[in-house]
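Asks: Taken in order, these protein sequences are the chains called A, B, C and D. Be aware that the first sequence starts at 28, since it is given in our numbering, and climbs by one per residue. Be aware that the second sequence starts at 28, since it is given in our numbering, and climbs by one per residue. Be aware that the third sequence starts at 28, since it is given in our numbering, and climbs by one per residue. Be aware that the fourth sequence starts at 28, since it is given in our numbering, and climbs by one per residue. Ideal Cβ placement from N, Cα and C applies to all residues, glycine included.
Number of protein chains: 4
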Amino acid sequence: MTEEITAALLKFRDERDWAQFHNPKDLALALSIESAELLELFLWKNAEDANVDKIKEELADVFSYALLLAEKYNLDVKQIILDKIKLNDTKYPVGKAKGTAKKYNEL
Amino acid sequence: MTEEITAALLKFRDERDWAQFHNPKDLALALSIESAELLELFLWKNAEDANVDKIKEELADVFSYALLLAEKYNLDVKQIILDKIKLNDTKYPVGKAKGTAKKYNEL
Amino acid sequence: MTEEITAALLKFRDERDWAQFHNPKDLALALSIESAELLELFLWKNAEDANVDKIKEELADVFSYALLLAEKYNLDVKQIILDKIKLNDTKYPVGKAKGTAKKYNEL
Amino acid sequence: MTEEITAALLKFRDERDWAQFHNPKDLALALSIESAELLELFLWKNAEDANVDKIKEELADVFSYALLLAEKYNLDVKQIILDKIKLNDTKYPVGKAKGTAKKYNEL
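1. Is the region 32-47 of chain B close to the region 66-78 of chain A, with three or more CB pairs under 8 Å?
2. With a threshold of 6 Å on Cβ separation, who are the neighbours of Lys81 of chain B within its own chain once the five nearest residues in sequence on each side are excluded?
3. Quick one: what's got a C-beta closer than 8 Å to Lys105 of chain B's C-beta in the same chain, skipping five residues either side?
4. Could you pull out every residue in the same chain whose Cβ sits closer than 6 Å to the Cβ of Ala57 of chain D, ignoring the five residues on either side in sequence?
5. Should Ala63 of chain C and Ala63 of chain B be called a contact, given that it needs their Cβ atoms to be closer than 7 Å?
6. Quick one: list the residues of chain C neighbouring Phe48 of chain B, beta-carbon separation under 8 Å, in chain order.
7. Answer yes or no: does any C-beta atom of chain C fall closer than 7 Å to that of Leu58 of chain D?
8. Can you say whether Tyr119 of chain B is buried or exposed, counting buried as having 16 or more other CB atoms within 10 angstroms of its CB?
9. Going by C-alpha to C-alpha distance, which of D:Leu36, D:Leu109, D:Leu70 sits closest to Lys130 of chain B?
10. Nearest CA to the CA of Phe90 of chain C: which residue from C:Glu61, C:Ala34, C:Lys123?
11. Quick one: which residues of the region 113-130 of chain D get their C-beta closer than 7 Å to a C-beta of chain B? List them in chain order.
12. For chain D, is any of its Cβ atoms less than 7 Å away from the one on Tyr136 of chain C?
13. Given that a residue counts as buried once 16 or more other Cβ atoms are within 10 Å of its Cβ, and exposed if not, what is Asp88 of chain C?
14. What do you get for Ala34 of chain D, buried or exposed, if any count of 16 or more other CB atoms within 10 angstroms of its CB means buried?
15. Looking at the secondary structure, which residues open and close the alpha helix (DSSP H) in which Phe90 of chain D lies?
16. Given that Ala77 of chain B touches chain A, what residues does it touch there, using C-beta distances under 7 Å?
17. Check for me: the alpha helix (DSSP H) holding Gly122 of chain B runs from which residue to which?
18. Is there at least one Cβ from chain C nearer than 7 Å to Ala34 of chain D's Cβ?
19. Does any C-beta atom of chain B lie closer than 7 Å to the C-beta of Ala63 of chain C?
20. Do we get a CB-CB distance below 7 Å when we pair Leu37 of chain A with the residues of chain B?
21. Identify the contact partners of Leu109 of chain D in chain F, using a Cβ-Cβ distance below 8 Å as the criterion.
22. What's the call for Asp103 of chain D, buried or exposed, on a 16-neighbour Cβ count within 10 Å?
23. How close, in whole Å, do the beta carbons of Lys125 of chain C and Arg43 of chain D come, if the pair is a contact with beta carbons under 8 Å?
24. Measure how close the beta-carbons of Leu36 of chain C and Leu94 of chain C come, nearest whole angstrom, since I'm counting them as under 8 Å.
25. Is Gln106 of chain C helix, strand or coil when you go by DSSP?
26. Smallest Cα separation from Tyr100 of chain A: which of A:Lys52, A:Lys83, A:Lys123?
27. Classify Asn132 of chain C as buried or exposed, calling it buried when 16 or more other Cβ atoms lie within 10 Å of its own Cβ.
28. Where does Ala34 of chain A sit, in a helix, a strand or coil, going by DSSP?
29. Decide if Glu31 of chain B is buried, meaning its Cβ has at least 16 other Cβ atoms within 10 Å, or exposed.
30. Can you name the start and end residues of the alpha helix (DSSP H) that Lys52 of chain B belongs to?
31. Using beta-carbon positions only, say whether Ser59 of chain A and Leu66 of chain B come within less than 7 Å of one another.
32. Have a look at Lys19 of chain A and Glu84 of chain B and give me their C-alpha separation to the nearest angstrom.
33. What is the DSSP secondary structure of Leu114 of chain B, counted as helix, strand or coil?
34. Leaving out five residues on either side along the sequence, give the residues of the same chain with a beta carbon under 6 Å from the beta carbon of Glu98 of chain A.
35. Which same chain residues, not among the five before or five after Ile107 of chain D, have their C-beta less than 8 Å away from its C-beta?
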């Protein structure tokens, strides 16, 4: 699935000759900025009052820059997530982490 | 593809009884925080000096919270990205946007 | 007041020969990262459960990078804030903005 | 100095009856969002190409929310910064940290 989306993102980028701007550092900036725009939809509000249409747009931007970053490093998105879940399994063992929101270094 | 990953993320969450913490507002906070941890890997550095193993981990965290947010609103990740690309096509027409990094409201 | 603090920050920086890393772009990255570390103190929590000692530390980091950025551009901190309040006075006129958290472009 | 600015910020807030929205968690969100808006001024650019007039505005917003947070907890801004410099003095001893941008846990 990500291959098809990434291809669409690269096509959009290359039609505009934007590869020259898309170094990994600036892509990481863009991802942070889009995450903050998503966060802004919840500012001064209860979660249920956020505008879902705008959430779709900002979340799409977050996924887009995350996919472009993954592409830069030739990462398999599915694999890095499954690897991280395995790592988190040892950082947050069920026996200690169940029902608490504490960080792993405070468990 | 996202269905399978999302299922793994929900399993990890539910084994720890964490659904109680995962309201959309806090998920958006978590996404912003993980994006900043990814950004930190580039701080005071040229892009090529960032640690790729750590990038994998932080990018995996970004994808994970983005997927959990998408799941909260029952969003089809592929669809929202393709919709956003279509929208950006009108905000950044090739004729005006080619070769420039200006924002759409400055084109 | 800011002169004295900024002098202490510059002394700390120069003892470590860090001016070479402190270009404005990376200072802006650092400020974003520290803001996210502050935000993390509130993650999965009600506001009143955040750790105040840690808030002091992270908020100090935010102020420090903000002051170092102001110093880069020779900005008078008091002046830019008073100027911005004046600008916000026209973006958020009391008659329209009273009691609502709407953004200025939605008022 | 901060007393006078904080007083101006509280006056602005109270004329609009906005204290009801300004809990510390949402103030921390606002601070993160404003930091990202500042960061956006450097996106896809070299540091020297950022717009200084806009930097003034976004940096003023960052200071404003940082001061409002400090006010919530009755913090003495000067004191928390000087305390943090002292703490950083032990995390980043000159002998180890001079000329390197490594994080304290990698020194």
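Replies: To lay it out plainly:
1. no
2. Within the second sequence, the letter at position 54 stands for residue 81 of chain B. Taken in chain order, the residues that qualify are Leu68.
3. Here residue 105 of chain B corresponds to residue number 78 of the second sequence, with the count starting at 1. Answer for Lys105 of chain B: Thr29, listed in chain order.
4. One-based indexing of the fourth sequence puts residue 57 of chain D at position 30. Cβ within range, chain order: Tyr92.
5. In the third sequence, the residue the question calls residue 63 of chain C occupies position 36. In the second sequence, the residue the question calls residue 63 of chain B occupies position 36. Yes; because the gap between Cβ atoms is below 7 Å, this pair is in contact.
6. Locating residue 48 of chain B in the second sequence gives position 21, where the first residue counts as 1. The contacting residues are Trp71.
7. Residue 58 of chain D sits at position 31 when you count from the first residue of the fourth sequence. Closer than 7 Å: yes.
8. Along the second sequence, one-based indexing puts residue 119 of chain B at 92. Under this definition Tyr119 of chain B is a buried residue.
9. Taking the second sequence and counting its residues from 1, one reaches residue 130 of chain B at position 103. Lys130 of chain B has its Cα closest to that of D:Leu70, out of D:Leu36, D:Leu109, D:Leu70.
10. Numbered from its first residue, the third sequence carries residue 90 of chain C at position 63. Of the candidates C:Glu61, C:Ala34, C:Lys123, the one whose C-alpha sits nearest the C-alpha of Phe90 of chain C is C:Glu61.
11. Ala128
12. What is shown of chain C runs 28 to 134, which leaves residue 136 of chain C out entirely.
13. For the purposes of this step, residue 88 of chain C is taken as the residue at position 61 of the third sequence. Classification of Asp88 of chain C: buried, given that the 10 Å Cβ count is 16 or more.
14. For the purposes of this step, residue 34 of chain D is identified with residue 7 of the fourth sequence, where counting begins at 1. Result: exposed.
15. Locating residue 90 of chain D in the fourth sequence gives position 63, where the first residue counts as 1. Its alpha helix (DSSP H) spans residues 79-99.
16. Here residue 77 of chain B corresponds to residue number 50 of the second sequence, with the count starting at 1. Here the neighbours are Pro51.
17. Mapped onto the second sequence, residue 122 of chain B falls at position 95. Looking at the DSSP string, the run of the alpha helix (DSSP H) that includes Gly122 of chain B is 121-124.
18. By one-based count along the fourth sequence, residue 34 of chain D stands at place 7. So, not an interface residue.
19. In the third sequence, counting from the first residue as 1, residue 63 of chain C sits at position 36. Yes, its Cβ sits closer than 7 Å to a Cβ of chain B.
20. Here residue 37 of chain A corresponds to residue number 10 of the first sequence, with the count starting at 1. Leu37 of chain A does not count as touching chain B.
21. Given the protein chain composition of this structure (A, B, C and D), no chain F is represented.
22. Against the fourth sequence, residue 103 of chain D aligns to sequence position 76. The residue in question, Asp103 of chain D, is exposed, as its Cβ has fewer than 16 Cβ neighbours within 10 Å.
23. Within the third sequence, numbered from 1, the residue matching residue 125 of chain C stands at position 98. Within the fourth sequence, numbered from 1, the residue matching residue 43 of chain D stands at position 16. At roughly 5 Å, the Cβ-Cβ gap stays under 8 Å, so Lys125 of chain C and Arg43 of chain D are in contact.
24. Position 9 of the third sequence, counted from the start, is the residue given in the question as residue 36 of chain C. Position 67 of the third sequence, counted from the start, is the residue given in the question as residue 94 of chain C. Correct: roughly 6 Å between the Cβ atoms.
25. Working through the third sequence from its first residue, we reach residue 106 of chain C at position 79. Here Gln106 of chain C sits in helix by DSSP.
26. Within the first sequence, residue 100 of chain A is the residue found at index 73, counting from 1. The shortest C-alpha separation from Tyr100 of chain A is found at A:Lys52.
27. Here residue 132 of chain C refers to the residue found at position 105 of the third sequence. Burial call: exposed.
28. On the first sequence, residue 34 of chain A is found 7 positions in, with the first residue counted as 1. Three-state DSSP puts Ala34 of chain A in a helix.
29. Mapped onto the second sequence, residue 31 of chain B falls at position 4. Classification of Glu31 of chain B: exposed, given that the 10 Å Cβ count is below 16.
30. Your numbering for residue 52 of chain B matches position 25 in the second sequence. That run of the alpha helix (DSSP H) goes 51-67.
31. In the first sequence, the residue the question calls residue 59 of chain A occupies position 32. In the second sequence, the residue the question calls residue 66 of chain B occupies position 39. For Ser59 of chain A and Leu66 of chain B, yes; Cβs fall inside 7 Å.
32. Outside the modelled stretch of chain A, which goes from 28 to 134, sits residue 19 of chain A, for which no answer is possible.
33. On the second sequence, residue 114 of chain B is found 87 positions in, with the first residue counted as 1. Leu114 of chain B: helix per DSSP, three-state reduction.
34. To locate residue 98 of chain A, count along the first sequence from 1; it is residue 71. Only Thr33 meet the Cβ criterion.
35. In the fourth sequence, residue 107 of chain D corresponds to position 80, counting from 1. So the qualifying residues of the chain are Ala97.
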